[in-house]
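Everything below concerns the one structure shown next.
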Amino acid sequence: MSKLLVTGGAGFIGANFIRYWLSKYSQDSIVNLDKLTYAGHPENLLSLEKSSRYSFIKGDITNKADVDSAIKNVDIVVHFAAESHVDRSIEDPMTFIKTNVLGTGVLLDACLRQGRKRFHHVSTDEVYGELGPRDLPFNEKSPLNPRSPYAASKAGSDLIVKTYYTAYGLPVTITNCANNYGQYQDSEKLIPRFITKLLSNNKVPLMSEGENIRSWLAVVDHCRAIDIVLKKGKIGETYCVGGEEKTNLEITKSILKILEKDDLWIDFVWNRAVNDFRYALDDSKIRKLGWKPKHDFEHWLKDTVEWYKNNKWWWKKSSLKQSFIDFKRTFLHNN
Numbered sequence: 060m061s062k063l064l065v066t067g068g069a070g071f072i073g074a075n076f077i078r079y080w081l082s083k084y085s086q087d088s089i090v091n092l093d094k095l096t097y098a099g100h101p102e103n104l105l106s107l108e109k110s111s112r113y114s115f116i117k118g119d120i121t122n123k124a125d126v127d128s129a130i131k132n133v134d135i136v137v138h139f140a141a142e143s144h145v146d147r148s149i150e151d152p153m154t155f156i157k158t159n160v161l162g163t164g165v166l167l168d169a170c171l172r173q174g175r176k177r178f179h180h181v182s183t184d185e186v187y188g189e190l191g192p193r194d195l196p197f198n199e200k201s202p203l204n205p206r207s208p209y210a211a212s213k214a215g216s217d218l219i220v221k222t223y224y225t226a227y228g229l230p231v232t233i234t235n236c237a238n239n240y241g242q243y244q245d246s247e248k249l250i251p252r253f254i255t256k257l258l259s260n261n262k263v264p265l266m267s268e269g270e271n272i273r274s275w276l277a278v279v280d281h282c283r284a285i286d287i288v289l290k291k292g293k294i295g296e297t298y299c300v301g302g303e304e305k306t307n308l309e310i311t312k313s314i315l316k317i318l319e320k321d322d323l324w325i326d327f328v329w330n331r332a333v334n335d336f337r338y339a340l341d342d343s344k345i346r347k348l349g350w351k352p353k354h355d356f357e358h359w360l361k362d363t364v365e366w367y368k369n370n371k372w373w374w375k376k377s378s379l380k381q382s383f384i385d386f387k388r389t390f391l392h393n394n
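Quick note on this note's numbering: the sequence shown kicks off at 60 and runs consecutively.
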């Protein structure tokens with residue numbers, strides 16, 4: 060019987076992880092610490108509101124008092140909370156540095172002071188930088204080479220986590236994961252953004268002819284990967300969690316096909332300042348622990364599209380919240 064603190068559990072991956080864990084481990088309980096920024100939605104976990112094994116704390120991981128209160132009596136910390144959008148990081152890098160670097164440090168310090176808690180850090184493949192079309196995938200020994208403020212802030216947090224293991228012996232592990240997709244993903248991300256635009260009869264803005272390549276993993280397979288690292292992973296180690304490589308154009312055409320729309324719904328637009336060509340991960344290390352993806356991309360994408368079709372109330376509310384925050388940010392910036 061374990062008690063977990065999940066940070067950022069009202070977000071996309073965190074909420075999926077909480078549902079996965081409580082469903083699989085009937086004796087465990089979870090405390091969810093979330094600031095409820097634009098990507099945090101309490102509605103993601105409505106089905107758990109009355110569960111005696113789930114509790115929610117609204118708090119900020121950069122606030123020592125919030126973290127100290129939330130971490131009491133827990134056995135394991137699974138750290139999802141992060142600012143995670145490249146475009147936003149270019150506009151406002153300091154917010155990303157504060158949350159992703161300082162916030163991770165505050166959590167680690169609390170874990171150390173309150174009984175050396177088991178700590179798992181959820182990170183990204185973007186810390187390794189960019190690959191060319193013929194380059195071998197990144198692995199755990201690849202040098203960190205971030206190319207955006209978001210990626211740099213996550214690379215910094217990875218290094219801080221490792222330091223708490225080498226300097227203090229805190230029992231930590233790290234996963235660097237490919238792009239996730241699935242239910243409850245905020246509509247600023249590529250797949251839900253394109254799905255919701257098409258469901259609203261709007262064209263989809265595809266950058267740079269769509270030739271950029273990403274690895275894609277069903278969010279439930281990511282949850283399984285974290286589970287197996289917590290159970291079988293070696294303390295102090297990093298594990299890459301890979302997915303299936305697809306160009307952005309391939310992703311777009313798959314969504315169009317599912318929704319029975321043609322290529323005229325694509326609006327090719329200028330590329331952004333930082334848009335890495337390709338990400339890919341060699342996940343042979345975690346496969347040795349017994350993990351591999353279970354969900355076929357096209358099948359899971361179809362299920363994801365169906366979920367957005369059947370839950371318009373969720374993504375319309377999410378989009379409205381995001382629009383308000385964007386307006387507020389622009390107003391404050393201009394004044």
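All residues carry an ideal CB built from backbone N, CA and C; glycine is no exception. All values derive from a computational prediction rather than experimental measurement.
If you check the CB distance, D245 and F71 come in under 8 Å. Annotation: P196 is outside any beta strand (DSSP E) and is labelled neither H nor E by DSSP. With a cutoff of 8 Å on beta-carbon distance, Y224 and H144 are scored as not near each other. Excluding its 5 nearest sequence neighbours in each direction, W350 has C-beta neighbours in its own chain below 7 Å: R283, A284, I287, listed in chain order.
For L308, the three-state secondary structure derived from DSSP is helix.
Here the alpha carbon of S82 sits roughly 41 Å from the alpha carbon of D326. Per DSSP, V165 lies in no beta strand (DSSP E) segment; the continuous alpha helix (DSSP H) that holds it begins and ends at 162-172. Only residues of its own chain outside the window of five on either side were considered, and among them I272, F336, R337 have a CB closer than 8 Å to the CB of P192, listed in chain order. Linking G164 to S106 through their CA atoms gives a straight-line distance of about 32 Å. Taking all protein chains in view, the Cβ of A211 is crowded by 16 or more other Cβ atoms within 10 Å, so the residue is classified as buried. Membership of T234 in the beta strand (DSSP E) is indicated by the continuous run 231-236. For Y338, there is no enclosing alpha helix (DSSP H), since its DSSP letter is neither H nor E. P264 sits exposed, since fewer than 16 C-beta atoms from the chains shown fall within 10 Å of its C-beta.
Contact annotation, G301 with S274: C-beta distance approximately 6 Å; criterion of less than 8 Å satisfied. The region 311-326 makes no contact with the region 166-174, as fewer than three CB pairs between them are under 8 Å. In the same chain as A169, and ignoring 5 residues on each side of it, the C-beta atoms closer than 7 Å to its own belong to V126, D127, I130, in chain order. Cβ neighbours of A214 within its own chain (closer than 6 Å, five residues either side excluded): V186, L203, P205. Bounds of any beta strand (DSSP E) do not take in W350, whose DSSP letter is neither H nor E. The three-state secondary structure of I219, taken from DSSP, is helix.
In this structure, D362 is the residue among D362, V65, F197 with its C-alpha nearest to the C-alpha of I314.
Membership of D87 in any beta strand (DSSP E) is not indicated, and neither H nor E is assigned to it by DSSP. Per the Cβ contact rule, the region 249-266 is in contact with the region 359-377 (3 or more Cβ pairs under 8 Å).
In this chain, T255 is not harboured by any beta strand (DSSP E); it is covered by the alpha helix (DSSP H) spanning 249-258. Within the same chain, no residue comes within 7 Å of E309 by CB-CB distance, once the 5 residues on both sides are set aside.
Minimum Cα-Cα distance from S182 among the listed residues S110, R331, T234, W374 corresponds to T234. Comparing alpha-carbon positions, the option among W324, S377, N330, T297 lying closest to L340 turns out to be T297. Taking the Cα positions, A69 is about 10 Å away from F139.
DSSP, reduced to helix, strand and coil, places P205 outside both helices and strands of the structure shown, so it counts as coil. From the listed residues S207, E357, K290, the smallest Cα separation to M153 is found for S207. Across the set F356, G99, K109, V133, the C-alpha of V133 shows the shortest separation from the C-alpha of V90. Linking L276 to N238 through their CA atoms gives a straight-line distance of about 6 Å. Using a Cβ distance threshold of 8 Å, K368 and L258 count as a contacting pair. Taking C-beta atoms under 8 Å as the contact rule, I219 and L167 qualify, at a distance of about 7 Å. A98 and E142 have their C-alpha atoms some 9 Å from each other. Taken atom to atom, the span from the alpha-carbon of I135 to that of K62 is near 7 Å. Your pair V333 and I149 checks out as a contact, with CB atoms roughly 6 Å apart and the cut at 8 Å.
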